[in-house]
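Residue numbers 53 to 679, in our numbering, belong to the letters of the sequence shown in order. All C-beta atoms in this analysis are idealised placements derived from N, C-alpha and C, irrespective of residue type, glycine included. Being a predicted model, the structure only gives us computed values, none of them experimental. Step one of this worksheet: look at the structure below.
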Amino acid sequence: MSVGVQSEDEGKTTGSIKLLAFGALGVVFGDIGTSPLYTLKTVLFLSGEAPSPELILGLLSLIFWTLVIVTSLKYAMFAMRIDNRGEGGILALMSLLVNKKHSRPLVIFAGLFGAALIYGDGAITPAISVLSALEGMNMILPESKPYIVPITIVILVSLFAIQAIGTSRIGRLFGPIMALWFIVIAALGIWGIAQHPAVLYALNPLYGIHFLFSEGFSSFLVLGGVFLCVTGAEALYADMGHFGKRPIWIAWFGLVFPSLLLNYAGQAALILSGADVTQNIFYRLCPSWMLIPLVILATLATIIASQAIISGAFSMTRQAIQLGWLPRLRIKQTSEESYGQIYIGSINWMLMIVTVFLTLFFKSSDNLAAAYGIAVSFTMIMTTGLLFVSMREIWRWNLPASLLVAGIFFIVDLSFLIANMVKILDGGYIPLLFAVVVYGVMLVWHHGVKAASHIINEKTLPVLDFLEEVRQNEIPRVPGTAIFLTRSGGTPAVMRWHVMRNGSLHAQVLSLNIFVDNIPRVAHNERLKITQIAPDFWHVVAHYGFIEQPDVAAILGYQEVRDLKLDMENVTYYMGHENIIRREGKQRLPAWQRHVFAFMVRNGVHVTDYYRVPSDRVIEISRQVPV
């Protein structure tokens, strides 16, 4: 049984579901929707043979059944039925499974490394998509070839440059443009099929199976190109929280899936009818008078696909930050209506640098295709592993049924991964290296935070014992309310240092622990847990979901806090600032980890900004933390 989003979908009207399905066209399906621009031509290149009818039918059959098994069955029909309170994606799935059992290193590895791999291939998507669209200009104006790469870079830089203003207004255009895109490629496909209707024989999976075993290992390696048709499949699952299952299903099965199949069949039919395959076969489907509008539409579609990847990277980064796997980064909310509309400058510029570098390094979509897909194929295997665990623990399937279904998906994913491995030396190492760096940053930050927290909390004193010391030492209690941010349930270390250095304590004290749960959102009535430890001393735990933004100032507005009758006119926030230093003994972090962690601590967003604490009421106490 599924958890979460089903009830949300059922509560929506038919009209709202259709609007969401229309909106999903511009966000969810940009990547997979533009794959016809480069997939078949890449597959033809990898096959290395003259395009005989048997070859074409075999390749088309592989593309068709890959879309069916990977996207329609694995992601749409299985993965999307397992959600974390409505949220999807590999990090949300990891959090759901970790929440059931706390110590799950393999599940955590699969989720984190899978997410890191998405960053790796995400940097390639804008480059290959825009390049493949603009390469249609070669057919209109052959002498334009030297200008394709510079124009691509200008478009990519412009795309990344406008991210800071948000995409809420531009996003309203995404749905109509992508709807037009799918209608156009479907119509072109139908026109192509009319040239050679026998191409529909490729719906028989035997053609694909025969091709795979006809030329030994060389034909098997063609799967690396076939895989390009499903590189955007992860988006169906990752964006489920924004739209819900039913709108995505409606968009996929109602328009996107049929349009892709028709277009791929049309391209294959055109080849069977004797078309020249030396140029991009996608544009060969188009009548000459319509070529310029199609290039423009394709460019817009690829920009939208790139936008979806960038927005997805922002959302995934916020999840990782909230779950404690990345340092705090400055997050800008770009829309009051949609919480999902955010901007993270450091991620934006990092992706831009890598994307521009890839464009300059590879120079064409054909070359980029050699590196594209390998990271996503790794991610899909990670997702399959998590799905198997979910079948056992969430759906309560027996072992044989779980092994059968997950085993089929695993065999398909493993086949694609093996076929993609040959891409490593042709540039596939770049997204993998990028993913390893991101994964390494996650591990260093997490281990560093654990080590620092252990040092800070190892001498924790019970609150009642501390207050007794305050009474015995006749520490004066001054008017006002002090709020101490802490990571523990005992006496906040910042409070002890404050009393030690300033020799006083406020009349009212509230220790605040912000805790991020392994769920997307926390209900309003479950946000705060308040415990009165002593007269005028309260411990507050504020729970947030991993896609929510903690807001300390807003916490004071909750009725439970107002009922405490705090002196709101004289509130002072106290927090610590850690300076990471070398720890003595064998339990210290390796030097390189300590230096990297210290660098991230110094350059992360200040806790005041991240937790939205009123800066004019903050007192910060610096402390050295040996790790």
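### 8 angstroms Cβ cutoff met for residue 179 and residue 410
Annotated as proximal: residue 179 and residue 410, with beta-carbon spacing under 8 angstroms.
#### Entry: Residue range of the alpha helix (DSSP H) that includes residue 658
No alpha helix (DSSP H) holds residue 658; DSSP gives it neither H nor E.
### Message
Going by C-alpha to C-alpha distance, which of 173, 495 and 185 sits closest to residue 416?
### Response
The option with the nearest alpha carbon to residue 416 is 185.
### Task
Taking residue 507 as part of the beta strand (DSSP E), name the residues at either end of that continuous run.
For residue 507, there is no enclosing beta strand (DSSP E); the enclosing alpha helix (DSSP H) has its first and last residue at 481-509.
### Query
Once you ignore the five residues that flank residue 209 on each side, which residues in its own chain have a CB closer than 8 angstroms to its CB?
So the qualifying residues of the chain are 404 and 408.
### Message
Using only the alpha-carbon positions, how far apart do residue 238 and residue 373 sit?
### Response
Roughly 41 angstroms between the two C-alpha positions.
### Query
Which residues in the same chain have their Cβ closer than 8 angstroms to the Cβ of residue 673, if we skip the five residues on either side of it in sequence?
546, 549, 550, 553, 626, 627, 628 and 629
### Query
With contact counted as at least three CB pairs below 8 angstroms, one residue from each stretch, are the segment 528-535 and the segment 413-429 in contact?
Judged by Cβ distances under 8 angstroms, the segment 528-535 makes no contact with the segment 413-429, as fewer than three pairs qualify.
### Message
I'd like the span of the alpha helix (DSSP H) that includes residue 191, first residue to last.
### Response
189-192
### Message
I'd like the list of long-range same chain contacts for residue 99, defined as Cβ closer than 7 angstroms, with 5 residues on each side in sequence excluded.
### Response
107, 111 and 274
### residue 315 versus 464, 288, 245 and 278, residue with shortest Cα-Cα distance
Closest option to residue 315, Cα to Cα, is 245.
### Query
With which residues is residue 384 paired in a DSSP beta bridge?
Per DSSP, 395.
### Message
Measuring straight from C-alpha to C-alpha, what distance separates residue 571 and residue 266?
### Response
When rounded, the distance between both Cα atoms is 49 angstroms.
### Query
Taking the C-alpha atoms as reference points, what is the distance between residue 121 and residue 254?
15 angstroms
### Query
Using the C-alpha atoms, what's the distance from residue 187 back to residue 203?
Distance between the alpha carbons of residue 203 and residue 187 is about 11 angstroms.
### Query
Can you name, in chain order, every residue of its own chain whose Cβ lies under 6 angstroms from the Cβ of residue 462, other than the five neighbours on each side?
Same-chain partners within the cutoff: 436.
### Query
What is the rounded straight-line gap between the Cα of residue 86 and the Cα of residue 328?
22 angstroms
#### Entry: Three-way DSSP call (helix, strand, coil) for residue 377 in this model
coil
### Query
For residue 628, which of helix, strand or coil comes out of DSSP?
strand
### Task
Determine the extent of the alpha helix (DSSP H) in which residue 576 is found, giving its start and end residues.
Run containing residue 576: none; DSSP gives neither H nor E here.
### Query
Count the other CB atoms within 10 Å of the CB of residue 428; is the residue buried (16 or more) or exposed (fewer)?
buried
### Query
Considering residue 431, what are the terminal residues of the alpha helix (DSSP H) in which it resides?
426-445
### Query
Between 148, 610 and 660, which lies nearest to residue 371 when the distance is taken from Cα to Cα?
Cα-wise, what sits closest to residue 371 is 148.
### Query
For residue 678, which of helix, strand or coil comes out of DSSP?
strand
### Task
Run the CB neighbour count on residue 528, radius 10 Å, all protein chains shown included, and call it buried at 16 or more, exposed below.
exposed
### Task
Check residue 16 in the structure and name its three-state DSSP category.
The structure shown does not extend to residue 16, since the chain is modelled only from 53 to 679, so the question has no answer here.
### Helix, strand or coil at residue 248 according to DSSP, with G and I counted as helix
Of the three classes helix, strand and coil, the one that applies to residue 248 here is coil, per DSSP.
### Message
Looking only at its chain, what residues have a beta carbon closer than 7 angstroms to the beta carbon of residue 262, apart from the 5 residues adjacent to it on each side?
### Response
Closer than 7 angstroms at the Cβ level, and outside the excluded window around residue 262, lie 110.
### Query
Under 8 angstroms, do residue 645 and residue 489 count as touching if we go by C-beta distance?
no
### Query
Do you know offhand how far residue 183's Cα is from residue 359's?
15 angstroms
### Task
Compute the distance between the beta-carbons of residue 423 and residue 483, then report whether it is under 8 angstroms.
Yes, they are a contact pair.
### Task
Spell out whether any CB of chain B is found under 8 angstroms from the CB atom of residue 491.
Annotation note: the requested chain B is absent from the structure, which comprises a single protein chain.
### Query
Rounded to a whole number of angstroms, what is the C-alpha to C-alpha distance between residue 606 and residue 663?
Rounded to whole angstroms, the separation of the alpha carbons of residue 663 and residue 606 is 10 angstroms.
### Task
In angstroms with no decimal places, state the Cα-to-Cα distance between residue 379 and residue 652.
If I take the Cα positions, the gap works out to 6 angstroms.
#### Entry: Option in 257, 343, 504 and 367 with minimal Cα separation from residue 117
257
### Message
Give the list of continuous beta strand (DSSP E) stretches no shorter than 3 residues that lie fully inside the segment 592-655.
### Response
For the segment 592-655, whole beta strand (DSSP E) runs of length 3 or above, ordered along the chain, are 623-633.
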